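Novice: When we follow the working numbering, the leftmost residue of the sequence shown carries the number 343, and every step to the right adds one. Backbone N, C-alpha and C define an ideal beta-carbon position, used for all residues, glycine too. Since this is a predicted model, take the numbers as computed values, not measurements. Shown below is the structure under consideration.
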Amino acid sequence: MAKTSKDARRHIREWSKFFADGKAVAKSAVEEFIKSYKKQKYLRQSLDRLMERGLVIPKDNEFVPIARGGEFFKQKIEPKNKKATKLPWRGKWYFVMFDVPVIADSKRHMLRNLLRRSMFYPIQKSVWVSPLQLTKKFWKDLVNNDLDKYCKVLSTNILEGDRELKEYFKHFVEF
């Protein structure tokens, strides 16, 4: 695993850019891509995790992102014009905490994808935070996918040590 979660996210963003067009990539091109990086071991580990999750599959002499993988990779690429996407901050942090049983693993993946799409950031495996108010669409998706029974939502005005979070969200929110 990468030394920090920031490194891991950076590696996933790099792979996202690499596989963003959704086309098969030759194994030799993947190897060249890995060799171009300083921390090759960690980049390779990130690729292994993408294969474990079934987002990329090795086939003959290629790596092929599956349809679900293509969506995943497109979500991970940051917007080109970050200033245009900034939203006003209302001075609150919104938390979603969840506990999904192992038997409902697909629900957990669905919930995490919903949280990512809704601009949440994981501060622990099952605790996510966002400076943006929860939308009606978020609540509708939560209820329609029967995920609400696994979640607790909290909002707070004060969050000790929020500097790192503000740094993470600075491209999307005007603090």
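In chain order, which alpha helix (DSSP H) runs of at least 4 residues are fully inside the stretch 448–497?
Specialist: As far as the stretch 448–497 is concerned, its whole alpha helix (DSSP H) runs of at least 4 residues are 478–486.
Novice: If contacts are defined as beta-carbon pairs under 8 Å, then Lys508 and Phe514 qualify, I think. What distance do you get, rounded to the angstrom?
Specialist: In fact, because the Cβ distance is near 11 Å, the residues do not count as touching under 8 Å.
Novice: Is the beta carbon of Ile376 sitting closer than 8 Å to the one on Arg386?
Specialist: Yes, the pair counts as a contact, with Cβ atoms nearer than the cut-off.
Novice: Hey, would you say Lys494 sits closer than 8 Å to Met452, going by beta carbons?
Specialist: Contact flag unset, no.
Novice: For Tyr379, does the three-state DSSP call read helix, strand or coil?
Specialist: Three-state DSSP puts Tyr379 in coil, outside helix and strand.
Novice: Per DSSP, what kind of secondary structure is Leu397 in: helix, strand or coil?
Specialist: Three-state result, Leu397: coil.
Novice: Relative to the alpha-carbon of Thr459, which residue among Glu404, Gln382, Leu484 has its alpha-carbon at the smallest distance?
Specialist: First, the residue type needs correcting, since residue 459 is Arg and not Thr in the sequence shown. The residue with the shortest Cα to Cα distance from Arg459 is Leu484.
Novice: One question on the structure: do Ala366 and Val406 come within less than 8 Å of each other, judged by their Cβ atoms?
Specialist: Result yes, Cβ atoms of Ala366 and Val406 sit closer than 8 Å.
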